[in-house]
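Participant:
Residue numbers (our numbering): -14 to 191.
1) Going by DSSP in three states, residue 117 sits in which element: helix, strand or coil?
2) Tell me the DSSP secondary structure of residue 164 in three-state form.
3) In the structure shown, what three-state DSSP assignment does residue 101 receive?
4) Within the chosen definition, does the segment 137 to 145 reach the segment 57 to 73 through at least 3 CB pairs nearer than 8 Å?
5) How is residue 61 classed by DSSP in three states: helix, strand or coil?
6) Over what stretch of residues does the beta strand (DSSP E) that includes residue 87 continue unbroken?
7) Could you check whether residue 105 and residue 115 sit closer than 7 Å to each other, using their CB atoms as the reference points?
8) Can you tell me whether DSSP reads residue -1 as helix, strand or coil?
9) Going by DSSP, what residue range makes up the beta strand (DSSP E) through residue 69?
10) Starting from residue 125, trace the beta strand (DSSP E) both ways and give me its first and last residue.
11) Using three-state DSSP, classify residue 138 as helix, strand or coil.
12) Report the three-state DSSP secondary structure of residue 112 (helix, strand or coil).
13) By DSSP, does residue 155 sit in helix, in strand, or in coil?
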């Protein structure tokens, strides 16, 4: 009798119990899959945002680094110059080549065949790289900060400007790239240039 009682107590689950367990397992599995799907979707959105923002981050870094290495030069052919759409001069931090080795460089804003605004970088020996593009209808310009803190859309400043003569070889205190996309807020990249903005010892450097 004792053996039969133990045998009855060790019987397997009934069909109803099995159905309840299977239902619970199905619910748990469904919740886990939903959580996994949500996590995967969030991860994909983050990755997409990062991949979209990476060109801008790299572009800003390259823009500011090359300009931070800009040198004020005595020789007229090596003078820094620029307008609202293009700037160029000599830098010891070129994108192509070892830092410390000077090179001519230029940054340029232009319109692509598709109507998009593109920012390009160039150096001698055929280096001409497209760095960033903005949607069609976007507007951009370079802005130069004069020694008195005023903004200018051309460098060198006009010869009648009291802060500078047209051929003294000086460079701006800072340069900003301002881009207004057709469908978004205005983007501004700001680059400080070297503290010595004149090619020779000058009272204006102190």
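Here a beta-carbon is modelled for each residue, glycine too, at the ideal position from N, C-alpha and C.
Facilitator: Considering the structure as presented:
1) strand
2) strand
3) coil
4) yes
5) helix
6) It is not in any beta strand (DSSP E) - residue 87 carries neither H nor E in the DSSP assignment.
7) yes
8) coil
9) First-last for residue 69: undefined, no H or E at that position.
10) Note, residue 125: beta strand (DSSP E), 124 to 130.
11) Residue 138 falls in the coil class under three-state DSSP.
12) strand
13) coil
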